[in-house]
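Number of protein chains: 2
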Amino acid sequence: PDDTAAAAARDRDAQLTKPPGALGRLEELAEWYIGWRGDPAARCNSPQILIFAGNHGVTAQGVSAFPAEVTAQMVANFRAGGAAINQLARLAGATLDIHALSLDTPTADFTTGHAMSEADYVAALATGWGAVSPEADLVVTGEMGIGNTTSAAALAAALFGGDAGSWAGRGTGVGDDGLSIKRRVVEAGVSLHGQQGPLGLLQCLGGRELAAMAGAIAGARAHRIPVILDGFICSAAAASLEQAVPGALDHTVAGHLSAEAGHGQILDALGKIPLLQLGMRLGEGSGAALAIQILRGALACHQDMATFAEAGVSDG
Amino acid sequence: PDDTAAAAARDRDAQLTKPPGALGRLEELAEWYIGWRGDPAARCNSPQILIFAGNHGVTAQGVSAFPAEVTAQMVANFRAGGAAINQLARLAGATLDIHALSLDTPTADFTTGHAMSEADYVAALATGWGAVSPEADLVVTGEMGIGNTTSAAALAAALFGGDAGSWAGRGTGVGDDGLSIKRRVVEAGVSLHGQQGPLGLLQCLGGRELAAMAGAIAGARAHRIPVILDGFICSAAAASLEQAVPGALDHTVAGHLSAEAGHGQILDALGKIPLLQLGMRLGEGSGAALAIQILRGALACHQDMATFAEAGVSDG
Numbered sequence: 001p002d003d004t005a006a007a008a009a010r011d012r013d014a015q016l017t018k019p020p021g022a023l024g025r026l027e028e029l030a031e032w033y034i035g036w037r038g039d040p041a042a043r044c045n046s047p048q049i050l051i052f053a054g055n056h057g058v059t060a061q062g063v064s065a066f067p068a069e070v071t072a073q074m075v076a077n078f079r080a081g082g083a084a085i086n087q088l089a090r091l092a093g094a095t096l097d098i099h100a101l102s103l104d105t106p107t108a109d110f111t112t113g114h115a116m117s118e119a120d121y122v123a124a125l126a127t128g129w130g131a132v133s134p135e136a137d138l139v140v141t142g143e144m145g146i147g148n149t150t151s152a153a154a155l156a157a158a159l160f161g162g163d164a165g166s167w168a169g170r171g172t173g174v175g176d177d178g179l180s181i182k183r184r185v186v187e188a189g190v191s192l193h194g195q196q197g198p199l200g201l202l203q204c205l206g207g208r209e210l211a212a213m214a215g216a217i218a219g220a221r222a223h224r225i226p227v228i229l230d231g232f233i234c235s236a237a238a239a240s241l242e243q244a245v246p247g248a249l250d251h252t253v254a255g256h257l258s259a260e261a262g263h264g265q266i267l268d269a270l271g272k273i274p275l276l277q278l279g280m281r282l283g284e285g286s287g288a289a290l291a292i293q294i295l296r297g298a299l300a301c302h303q304d305m306a307t308f309a310e311a312g313v314s315d316g
Numbered sequence: 317p318d319d320t321a322a323a324a325a326r327d328r329d330a331q332l333t334k335p336p337g338a339l340g341r342l343e344e345l346a347e348w349y350i351g352w353r354g355d356p357a358a359r360c361n362s363p364q365i366l367i368f369a370g371n372h373g374v375t376a377q378g379v380s381a382f383p384a385e386v387t388a389q390m391v392a393n394f395r396a397g398g399a400a401i402n403q404l405a406r407l408a409g410a411t412l413d414i415h416a417l418s419l420d421t422p423t424a425d426f427t428t429g430h431a432m433s434e435a436d437y438v439a440a441l442a443t444g445w446g447a448v449s450p451e452a453d454l455v456v457t458g459e460m461g462i463g464n465t466t467s468a469a470a471l472a473a474a475l476f477g478g479d480a481g482s483w484a485g486r487g488t489g490v491g492d493d494g495l496s497i498k499r500r501v502v503e504a505g506v507s508l509h510g511q512q513g514p515l516g517l518l519q520c521l522g523g524r525e526l527a528a529m530a531g532a533i534a535g536a537r538a539h540r541i542p543v544i545l546d547g548f549i550c551s552a553a554a555a556s557l558e559q560a561v562p563g564a565l566d567h568t569v570a571g572h573l574s575a576e577a578g579h580g581q582i583l584d585a586l587g588k589i590p591l592l593q594l595g596m597r598l599g600e601g602s603g604a605a606l607a608i609q610i611l612r613g614a615l616a617c618h619q620d621m622a623t624f625a626e627a628g629v630s631d632g
């Protein structure tokens, strides 16, 4: 970040017509955003929401409440404007770009081999990196992929340790039998690939949409575009970047705390306090898209409030 | 609320292209709003933010970090468009109405008598009731008044009991000496007026802006207009209605959890879970105004998402 711009933001904040600190996290959000944009006058006028979709070999084991065909059906729904993220993108004035990643060729079952070949993995990372518009001033990374909470749980378990099975949650609403299978699948994946480094784990246990989100987060950094992270799956993918290069997520904030088991643990480990806690667990970038409004509020106050001197208000 | 409209909202929610419950609190917000509007197609297009300003006799005792003149200065700032709430109102597409209540005549010091005469009190309640536009489809009640966290702390202490002094917080940022005075003032007020009923406490310990917020909340109910409550002062005023008539706040939600000491205790007592928790403590309706966006997101998803049948998506 640009320390001069961030310092200018702090200086301006101290002059605005409010008691010091009275806007709480809105004040730190404005400073964070301005620092990364390197512009004291920065506003968030052109947010870009990126959704990556992928399919997962492990779904054949019965880890999800929904059939794998739903990934492609939901991509069609995104393109037709019918999903939750379409409504939230419109509310936020954000562009919404959908990238379906080889849906007809699911990743390999990670309990028996690498989820992605090196070529597949690099292609997915590059799709994410290239999906970021250099003109965007904020990026939200979201996903769709039946089975991908299983992939994310295995990735988080391998990155952070602890009881592997306990990272498995209900996802879209899997029943007790499916949850038992899911736990065993996660344990088997960690057992097979757990010795990999963070970026190897993303290849072996992740999916194309997870790799693409990681690529987009890194690509946004190269353009100094701040990122709002979404829920469990996005955060697991992002965590592999942070473990590989500490500080790699400094240009990101956590948009919300998902109801999916394990998300809070990931955010704690990353030292990120979520902006929203609304019990959402949909994916699609939905929680992060809603959090765009919080950032907009922070910047509107920061850029447009009067100072004590301008307004003739006594500053205590 | 209209049970038929709320049931229609639940029925529609179950058909939308998402796993059941995956939008978390957005789903209950949409149902709550639709139930109170009595219209399954309800949207929040015309929110109205009401700010009431008043002055307080207890400020002469040194309970605030800012001089009493700041109330009138901030009213001028609201009218000129320079305060935080102006920016947040614009972001939310809300109208903003400012009502300054006899600023040149502070309430009486509640440690020696009733803060308001009966005539003053009724006039403030009526100002609030009459300020609600029947055409609004959402109301946010906010306030400005140097010294009013002292008034709200005394009111909350008298309504909810416990160690009276512990309800006093830092407000706009009072120092240790001021906080000690504030505690003694709150204790003295509760000692003098604590035997009053809830609406008597609002008269004896409140201020004109607190009474006006209570009047507006009640007036909105008469028009079936849902209300988003703001922080500590707004919630204390609202609590006097709920204690007088249980259920009187059913048409309200808590917009945010303020950083001001005591707000969480009030919300717990009211059974309200705040939509936002961002460490804000500004008043002016600012937290509630930001929460309008959450409600808007909930309604956008509810009203505009495709159903499983419309989108051709398998529902699991």
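Those protein sequence lines, which keep their order, are chains A and B. The first sequence runs 1 to 316 under my numbering. The second sequence runs 317 to 632 under my numbering. Think of the CB as a built atom: it goes at the ideal place given N, C-alpha and C, for glycine as much as any other residue.
- Sequence-distant partners of B:D631 (beyond 5 residues in either direction) whose C-beta falls short of 6 Å from its own C-beta, in its chain, are F624.
- In the DSSP assignment, B:M460 is bridged to B:A369.
- DSSP, reduced to helix, strand and coil, places A:Q48 within a strand of the structure shown.
- Distance from the Cα of A:G247 is smallest, within the candidate group A:G264, A:A269, A:H263, for A:A269.
- In the DSSP assignment, B:A442 falls outside any beta strand (DSSP E) and within the unbroken alpha helix (DSSP H) covering 434-447.
- Runs of the alpha helix (DSSP H) spanning 4 or more residues and lying entirely within the segment 557-618 of chain B occur at 579-586, in chain order.
- The Cβ-Cβ distance between B:G337 and B:A472 does not fall below 8 Å.
- Residue pairing by DSSP places A:T307 opposite A:L16 in a beta bridge.
- Close to B:Q389, with beta-carbon spacing below 8 Å, are these residues of chain A in chain order: A311, G312, V313, S314.
- For A:V70, the enclosing alpha helix (DSSP H) stretches over residues 69-80.
- For B:A570, the nearest beta carbon of chain A is not closer than 8 Å to its own beta carbon.
- In the three-state DSSP reduction, B:L454 falls in the strand class (E or B).
- A Cβ-Cβ distance of about 4 Å is found for the pair A:L101 and A:R208, placing them in contact under the 8 Å criterion.
- Between A:L96 and A:A298, the beta carbon gap of about 22 Å keeps them out of contact (Cβ cut-off 8 Å).
- DSSP, reduced to helix, strand and coil, places A:V190 within a helical segment of the structure shown.
- Check the Cα spacing between B:V502 and each of B:D479, B:Q519, B:V490: the tightest is with B:D479.
- Nearest in C-alpha terms to B:L545, of all of B:F394, B:A330, B:G487, B:K588, is B:K588.
- For A:M144, none of the residues of chain B pass the 9 Å Cβ criterion, the least Cβ distance being about 11 Å.
- Contact between B:G547 and A:R281 is absent: CB atoms are separated by about 28 Å, not below the 8 Å threshold.
- Chain A has no Cβ within less than 8 Å of the Cβ of B:N464.
- Within chain A, the residues T17, A306, A311, V313 have their CB atoms less than 7 Å from the CB of B:N393, given in chain order.
- Going by DSSP, A:I85 is part of the alpha helix (DSSP H) stretching over 84-92.
- Taking C-beta separations shorter than 7 Å and ignoring five residues to either side along the sequence, the partners of A:A158 in its chain run V190, H193, G194, L201, L205, following chain order.
- The beta-carbon of A:I34 is placed no less than 8 Å from the nearest beta-carbon of chain B.
- Taking CB atoms only, B:E385 has a neighbour in chain A less than 8 Å away.
- Here A:G173 has A65 as same chain residues with Cβ atoms under 8 Å from its own Cβ, once five neighbours each way along the sequence are excluded.
- Put simply, the backbone Cα of B:G378 is about 52 Å away from that of A:E284.
- Nearest to B:I367 by C-alpha distance, out of B:D436, B:V448, B:D493, is B:V448.
- Taking C-beta separations shorter than 7 Å and ignoring five residues to either side along the sequence, the partners of B:R612 in its chain run C360, following chain order.
- Across the structure, A:T141 and B:H567 are spaced so that their CA atoms are roughly 35 Å apart.
- Spanning the alpha carbons of A:Y33 and A:D2 requires a straight line of approximately 10 Å.
- By the 16-neighbour rule on beta-carbons within 10 angstroms, A:D177 is exposed.
- In chain order, S630, G632 make up the part of chain B whose C-beta sits under 7 Å from the C-beta of A:F66.
- Contact of B:R612 with chain A is assigned, a C-beta pair being separated by under 8 Å.
- Leaving aside the five residues that flank A:Q293 on each side, the residues in its chain whose CB is nearer than 8 Å to its CB run, in chain order, L91, A92.
- The three-state secondary structure of B:V490, taken from DSSP, is coil.
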